[in-house]
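Written below as structure tokens is the structure these notes are about.
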Amino acid sequence: MGLVLGCDSRSEPELPSSTDISAVAERVTGPDGQAFLREITNQAWRDDGQRAGELFAWIPRDATSDDRDTATRAGHTAQAIASFLADDSETVTNTPANPALWQAFSESLVPYLGAMVGDERDVVGFAPLDGLNSGMPRSAAMFGTVTKKSDGDPLFIDAASKRAHGYETSFAKAAMANPLLADRGEALETLLRAARLRALIAAGAHVADPESPRRNLPLSAQTDVMYQVASLTAQPDDPHIDPKFFRDGRLLSPSEIDDDNWSIYDAQLTVYLTPWPRIRDAVDQFGGTYASIAIGQ
0 MGLVLGCDSR SEPELPSSTD ISAVAERVTG PDGQAFLREI TNQAWRDDGQ RAGELFAWIP
60 RDATSDDRDT ATRAGHTAQA IASFLADDSE TVTNTPANPA LWQAFSESLV PYLGAMVGDE
120 RDVVGFAPLD GLNSGMPRSA AMFGTVTKKS DGDPLFIDAA SKRAHGYETS FAKAAMANPL
180 LADRGEALET LLRAARLRAL IAAGAHVADP ESPRRNLPLS AQTDVMYQVA SLTAQPDDPH
240 IDPKFFRDGR LLSPSEIDDD NWSIYDAQLT VYLTPWPRIR DAVDQFGGTY ASIAIGQ
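Read in order, the letters of the sequence shown correspond to residues 0 to 296 in numbering that gives the first Met the number 0.
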């Protein structure tokens, strides 16, 4: 189906049928796919991008399809969207609002948050935009684009934070179950996936608003991980942690600690984990990965 050139709202681009999934996928992943995505984002849609956004409604549904070809098609299409948002970030952020279209983009990318940071389980067809041991500049640019264009809708960032939290809790359980393996293998890789996602959230916020103060510095992020580990075993009578950091028998989370007590809390968690040097080493690697991404943009 042809494309009507120009972005005048009186002459909106012609779109393939939202029910013809194959046509949509071919349009987005084909040689003119980036130009197509550029045109629909540049357009000031009269319906706020609702009709254009419906073109991608199938992606989150098909992302986890039992049929590998169906799932791969969804992954390749989401990959094309992510690449466009990364590589055209400087121009895309100045396009018309189109909240419905941007919500569709966010929903299309959510199933692939794990794949973006190296978790190949559950989905196929989506490869990380950057090397996993790099500063991940394209991924950070994509996070920045989505952050800026989401117009207050936290869907994508909330999903990324939830995914990171899941990785952190999985690491904590694995580390306490076998502390000697905490700094290697699947346990460490799970934690580094969390570091990449946490850092991309922070980097994306800075890319979206360079004048804003940087949030979640590596030290703060590392403290969150130490809490996840310590909370599994720490008791109110532990000599290394002040009783004021417990409530109703549970260790308080970092978000519950006031600024005046933060450094004491952090230091005491560090001391608590001293008997497990490989857990501490894993947390340090988390911090290094986080810093290389969050501060490197």
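A virtual CB, placed ideally from N, CA and C, is assigned to each residue, including glycine.
Cβ-Cβ separation, R195 to T288 (assumed contact under 8 Å), whole Å: Contact holds; Cβ gap of about 6 Å.
Please go through the same chain and pick out, in chain order, the residues whose beta-carbon is closer than 6 Å to the beta-carbon of P253, but skip the five residues on each side of it. Within the same chain, and ignoring the five residues on either side of P253 in sequence, the residues whose Cβ sits closer than 6 Å to its Cβ are T222, D223, Y226.
Determine whether the beta carbon atoms of T63 and D121 lie at a separation below 8 Å. Yes; because the gap between Cβ atoms is below 8 Å, this pair is in contact.
Distance check for S219 and L251, CA to CA, integer angstroms please. Rounded to the nearest angstrom, the two C-alpha atoms are 15 Å apart.
Please determine, among G32, G29, L131, the residue with the shortest C-alpha to C-alpha distance to I292. Checking every option, the nearest Cα to that of I292 belongs to L131.
Chain-order list of residues whose beta-carbon lies under 7 Å from that of L180 (same chain, five-residue window excluded): Within the same chain, L180 has close Cβ partners A186.
Going straight from the alpha carbon of M175 to that of A193, what length do you get? Those two C-alpha atoms are separated by around 17 Å.
Alpha carbon to alpha carbon, what distance is there between A173 and R26? In a straight line, the C-alpha of R26 is about 44 Å away from that of A173.
Nearest-angstrom Cα distance between S352 and P242? Absent from the model: residue 352. The displayed extent of the chain is 0 to 296, so no value can be given.
Option nearest P238 by Cα separation, candidates S82, F35, F285, L268: The alpha carbon of P238 has as its nearest neighbour, out of S82, F35, F285, L268, the alpha carbon of L268.
State the DSSP-derived secondary structure class of R301, mapped to helix, strand or coil. Residue 301 cannot be examined here, being either before or after the span of the chain that is shown, 0 to 296.
Beta-bridge pairing of F142 - partner residues as DSSP gives them: None, per the DSSP bridge assignment.
Closest residue to S107 among D61, T144, D68 (Cα-Cα distance): Residue D61 is the option with its Cα nearest to S107.
Taking a contact to mean a Cβ-Cβ separation below 8 Å, would you say L272 touches A229 in this structure? In this structure, A229 lies closer than 8 Å to L272 by Cβ.
Could you check the C-alpha separation between D280 and I294 for me, to the nearest Å? When rounded, the distance between both Cα atoms is 21 Å.
Going by beta carbon distance, what residues of the same chain come within less than 7 Å of P178, once the five residues before and after it are set aside? If we look at P178 and ignore the five residues flanking it on each side, its Cβ neighbours are W275, R277, I278.
Is the separation between the beta-carbon of R37 and that of D86 shorter than 8 Å? Not closer than 8 Å, so no.
Host alpha helix (DSSP H) of M297 (start-end): The chain is shown only over 0 to 296; residue 297 falls outside these bounds and no answer can be derived.
Along the alpha helix (DSSP H) that carries N260, what are the first and last residues, could you check? For N260, the enclosing alpha helix (DSSP H) begins and ends at 258–271.
Between which two residues does the alpha helix (DSSP H) containing R162 stretch? 154–176 is the span of the alpha helix (DSSP H), which, as asked, contains R162.
Using the Cα positions of S17 and F142, report the straight-line distance between them to the nearest angstrom. Roughly 26 Å separates the two Cα atoms.
From which residue to which residue does the alpha helix (DSSP H) around F285 run? In the DSSP assignment, F285 falls within the unbroken alpha helix (DSSP H) covering 276–293.
Residues near A290 by beta carbon distance below 7 Å, same chain, minus five either side: P217, listed in sequence order.
Helix, strand or coil for F125? Go by DSSP, reduced to three states. DSSP places F125 in the coil class of the three-state scheme, outside both helix and strand.
How do the stretch 132–141 and the stretch 92–101 stand: do at least 3 beta-carbon pairs fall below 8 Å, yes or no? Touching, no.
Residue range of the alpha helix (DSSP H) that includes P217: First-last of the alpha helix (DSSP H) with P217: 217–229.
Could you check which residue in G74, A198, F244 has the C-alpha nearest to that of F125? That would be G74, whose Cα lies nearest to the Cα of F125.
What does DSSP give as the partner residues of R249 in its beta bridges? For R249, which the question treats as bridged, DSSP gives the partners R246.
Residue from L14, G29, S82, Q42 with nearest C-alpha to E53: Closest by alpha carbon: L14.
For R162 versus G113, is the C-beta spacing smaller than 8 Å? Between R162 and G113, the CB-CB gap stays under 8 Å.
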